[in-house]
Amino acid sequence: MASAADFRLTVTGKDGLPIEDAVVELLSEIPSEASPASTTLHNMSQKNRTFIPFVMAVTKDEKVTFPNLDRTRHHVYSFSPAKPFELKLYVGTPREPLVFDRPGVVAIGCNIHDYMQAFIYVSESPYVAVTDTGGAAVLAGLPKGNFRIKVWHPWQVGGQVESTVTLPAASPDSQIVIDIQRQEKPAPPPAGFGGFGL
Numbered sequence: 000m001a002s003a004a005d006f007r008l009t010v011t012g013k014d015g016l017p018i019e020d021a022v023v024e025l026l027s028e029i030p031s032e033a034s035p036a037s038t039t040l041h042n043m044s045q046k047n048r049t050f051i052p053f054v055m056a057v058t059k060d061e062k063v064t065f066p067n068l069d070r071t072r073h074h075v076y077s078f079s080p081a082k083p084f085e086l087k088l089y090v091g092t093p094r095e096p097l098v099f100d101r102p103g104v105v106a107i108g109c110n111i112h113d114y115m116q117a118f119i120y121v122s123e124s125p126y127v128a129v130t131d132t133g134g135a136a137v138l139a140g141l142p143k144g145n146f147r148i149k150v151w152h153p154w155q156v157g158g159q160v161e162s163t164v165t166l167p168a169a170s171p172d173s174q175i176v177i178d179i180q181r182q183e184k185p186a187p188p189p190a191g192f193g194g195f196g197l
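If you read the sequence shown in numbering that gives the first Met the number 0, its first letter stands for residue 0, the second for the next number, and so on.
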């Protein structure tokens, strides 16, 4: 199947400003043959009592490891139906990565540091990306055909936004506007307010 040009989508808010950390997923209307098992290993680090990245997108059945780069121990967990898990108090890198085998959104927290928060979006499609600081996501090597576009952000108001596109498109650049309640990313409190023991 011939490949289309790279597809670039810019996500903005109703205020016209770019939105970082939005997940862009493209789903083909034509069922594809089963892909070989992915060997991609993603890292969601803990550094300075912050999850990095804040939002991660993975394809179903890919693996994620959670290295703790701080001196203090973390207790990483999720109650989300897509991947409930618990990594009890540890430093360094857990021995085995976790397989995210069910599509959906996985909210991540730390049982020791309540302000730590992150999200893993598990995609049904291999065509998924997260927007950068300019609100742009680029998906490469897409086949020709009709696609459903899904856009998700943790601060989104009113649910996931969907659209469609036919590739190759007349223009490789598209834009979607979503409604979000802008806020600051999770961050540790200042020193003196529990900010010790990095």
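Here a beta-carbon is modelled for each residue, glycine too, at the ideal position from N, C-alpha and C.
It should be emphasised that the depicted structure is a prediction, and the values quoted were computed from it without experimental measurement.
Asked: Of the listed residues Arg101, Thr163, Asn47 and His152, nearest to Asp20 (C-alpha basis); Found: His152
Asked: Residue range of the beta strand (DSSP E) that includes Asp172; Found: Asp172 to Ile177
Asked: Of the residues His112, Leu141 and Gln182, the one placed nearest Lys87, counting alpha carbons only; Found: His112
Asked: Val129 in three-state terms, based on DSSP; Found: strand
Asked: For Asn67, the residue or residues it bridges with in DSSP; Found: Gln45 and Gly91
Asked: Val63 to Asp14 span [Cα, whole Å]; Found: 34 Å
Asked: Range covered by the beta strand (DSSP E) that runs through Tyr76; Found: His73 to Ser77
Asked: Ser162 - containing beta strand (DSSP E), residue span; Found: Val160 to Leu166
Asked: Rounded distance between the beta-carbons of Glu61 and Val127, thought under 8 Å; Found: In fact, because the Cβ distance is near 10 Å, the residues do not count as touching under 8 Å.
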